[in-house]
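A short worksheet on the structure shown next.
Laid out in structure tokens, this is it:
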């Protein structure tokens, strides 16, 4: 089915409130989840709502937590999310970083004791719309093997980086540091398409290409692991993806004072950490001049000679903006399993469901 | 031949001075080049000396340039290298960033109108030894095609990131954002080993695996191009490597007010830009606690189950430190073409050459 993004947002808001979230937190979760669905990052949209609702209901996510600034100085802060929802914590951190960077030009904020915060790119883009260069990262449940390793030792830890190349549509890089995220495997499986060698390994570290076996093994923590960006070994730069994934874990774990590696989502809760760093671009370069120059750069890239069979070169973020335009106009397509999930949530919480069970 | 690193450094210093550099600049170039050779990054060591010497002698690099801070505020600065050597400019920028981050906790410095600065990791490690998390990047001569493109539109733009996980041997990530750097192709060719599909494309964007043809095509700017980390297309995350390479170009080009993309090394000089960002770790986390925690993290990674045929998992930086230990003890191996180069330089400048022509 397809659903308008505003109706979908209202449903998420209502569901989170009924589950026990404060209305202002429910609103933030709705905004970030629907932004993912609008952008085409379906794995991080309302497909995640069940986990949030269940987390709030069973107390593994603290409904009454308030993000608290525990260390504060002009160019930075440390935020304790109190095991509450990731979205309010990260929005608090990003607003703090933007506010600080307005004054000091450069700021960094870390977050500890947090939960899943949705898509990293949402936060980076938000800061970029305020004239900031922003880098956002988070750690995540362990699914990725280090180079030469054969078991998951850290998460798909995304790096999101945005630059204010345009007032509302910034340069937006948002990607897992693994070769592929797990959501892509699940999508390929639904579409009956194969996965490729070099994306994941079995418990002996041999390439794994059976999606159901892999997804089951990842979920059950049976030693199956995704590979870093660049794939197995060092031939195609797998050690680079490993270094970037580990970097994210270092920033969000030991630096932020949060959990890390295999300890994330342990018996004491998610314990996730986040990291945001902002630079006010106009402290270094006139913003209009920066935009004019980056527009020239992007135009040259678009005009470059294309590889055989290709007719377009994208600038990071463009695909997401175009998908969002289309989905804002035509509605957000939800696949049957997600519709089912939402209908279950509606039933459990005694809410009207804005659609038909497939 | 093998040569002691101190003797090699003295030779570089002497050669640069004779070529026309100020002694203090010659000393900085020597330090950074020999650091690359010690770490095993031979492509960025004294193999580059000829280009520096020639640049100074023919005036394409300004011997009398002094890096000048043109914009200055508590948490950042913009440095104009005046078309001088990259090493003194970047050392100036990094010292400035470290100094500022000591006071403000977070600082960013950009550099414009610069030249090749050697290995990015040297600067990041230097800041990390002062207790900083540091990110260093530079743009470079155009050699990499964007995803779906078939011609070089930006450089192999390295990202170097260091964290003070150890007082002298920080976590050190230093890698080109391309699948492989050009230096690796040249090494494989010397060793008679093949290159792999997915590293580079011919002018039609088809995978290229003939090293001599590729290297010649890259040098002559005939449309051959390296591929971003992740390879061709998006299947293995090539769009991620592309996004990271472009990011470096955005930071070092439009943000720094330097040249970018295909315009780097144009008729008006290299026009390179650099970028450094420092965060004082102990503003966020007690440094000893941070080190203890990262030591535990690295120990867990090392102990992870190994892939078949592998017996060791490395932490980024370890290989370089171990190579440096060995080379400090046994001398730096120089391949015949480099020895030849150095002998030529010695002859041209009327210097004694510390070795035998092969």
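Chains as they are written, first to last, in the numbering used here: chain A, 2 to 359; chain B, 2 to 359.
All residues carry an ideal CB built from backbone N, CA and C; glycine is no exception.
Step through the CB atoms of chain A and report whether any lies within less than 8 Å of the CB of residue i.
i, result
"residue 322 of chain B", "no"
"residue 162 of chain B", "yes"
"residue 266 of chain B", "no"
"residue 285 of chain B", "yes"
"residue 124 of chain B", "no"
"residue 167 of chain B", "no"
"residue 236 of chain B", "yes"
"residue 339 of chain B", "no"
"residue 309 of chain B", "yes"
"residue 317 of chain B", "yes"
"residue 139 of chain B", "no"
"residue 147 of chain B", "yes"
"residue 350 of chain B", "no"
"residue 97 of chain B", "no"
"residue 295 of chain B", "yes"
"residue 12 of chain B", "no"
In terms of DSSP beta bridges, what is residue i paired with?
i, result
"residue 115 of chain A", "A:273"
"residue 73 of chain A", "A:78"
"residue 175 of chain A", "A:161"
"residue 279 of chain A", "A:108, A:135"
"residue 314 of chain B", "Note: residue 314 of chain B sits in no beta bridge, so no partner."
"residue 307 of chain B", "A:150"
"residue 1 of chain A", "Past the edges of chain A, shown from 2 to 359, lies residue 1 of chain A, and the structure says nothing about it."
"residue 3 of chain A", "A:334"
"residue 202 of chain A", "A:208, A:226"
"residue 145 of chain A", "A:155, A:227"
Whole-angstrom Cβ separation of residue i and residue j, contact assumed at under 8 Å?
i, j, result
"residue 114 of chain B", "residue 82 of chain B", "5 Å"
"residue 145 of chain A", "residue 246 of chain A", "6 Å"
"residue 318 of chain B", "residue 340 of chain B", "Residue 318 of chain B to residue 340 of chain B, Cβ: 29 Å. No contact."
"residue 128 of chain B", "residue 98 of chain B", "7 Å"
"residue 324 of chain A", "residue 41 of chain A", "4 Å"
"residue 218 of chain B", "residue 309 of chain A", "Not confirmed; about 17 Å, so no contact."
"residue 271 of chain A", "residue 265 of chain A", "7 Å"
"residue 9 of chain B", "residue 333 of chain B", "6 Å"
"residue 147 of chain B", "residue 53 of chain B", "So it is not a contact: roughly 30 Å between Cβ atoms."
"residue 346 of chain B", "residue 135 of chain B", "Contact flag wrong, Cβ pair sits at about 32 Å."
Should residue i go down as buried or exposed, given a rule of 16 or more other Cβ atoms within 10 Å for buried?
i, result
"residue 177 of chain A", "buried"
"residue 30 of chain A", "buried"
"residue 1 of chain A", "Since the first residue of chain A shown is 2 and the last is 359, residue 1 of chain A is not available in this structure."
"residue 351 of chain A", "exposed"
"residue 269 of chain A", "exposed"
"residue 101 of chain A", "buried"
"residue 290 of chain B", "exposed"
"residue 313 of chain B", "exposed"
"residue 26 of chain B", "buried"
"residue 220 of chain A", "exposed"
"residue 241 of chain A", "buried"
"residue 195 of chain B", "exposed"
"residue 329 of chain B", "exposed"
"residue 337 of chain A", "exposed"
"residue 24 of chain B", "exposed"
"residue 304 of chain A", "exposed"
"residue 180 of chain B", "buried"
"residue 321 of chain A", "buried"
Could you tell me whether any Cβ in chain B is nearer than 8 Å to the Cβ of residue i?
i, result
"residue 144 of chain A", "no"
"residue 259 of chain A", "no"
"residue 313 of chain A", "yes"
"residue 210 of chain A", "no"
"residue 70 of chain A", "no"
"residue 301 of chain A", "yes"
"residue 241 of chain A", "yes"
"residue 107 of chain A", "yes"
"residue 187 of chain A", "no"
"residue 192 of chain A", "no"
"residue 111 of chain A", "yes"
contact_flag[the stretch 104–120 of chain B, the stretch 101–117 of chain A] where n(CB pairs < 8 Å) is 3 or more: Touching, per the Cβ criterion.
The stretch 216–228 of chain B in contact with the stretch 147–160 of chain A per 3-pair CB rule at 8 Å: no
Within 7 Å of chain E by C-beta, residues of the stretch 196–208 of chain A in sequence order: Here the protein chains are A and B, and chain E is not one of them.
Three or more C-beta pairs below 8 Å linking the stretch 183–193 of chain A and the stretch 273–286 of chain B: no
Contact the stretch 203–221 of chain B vs the stretch 247–263 of chain B: 3+ CB pairs below 8 Å: no
Inter-stretch contact at 8 Å, needing at least 3 Cβ pairs: the stretch 250–259 of chain A / the stretch 56–68 of chain A: Counting Cβ pairs under 8 Å, fewer than three are found: no touch.
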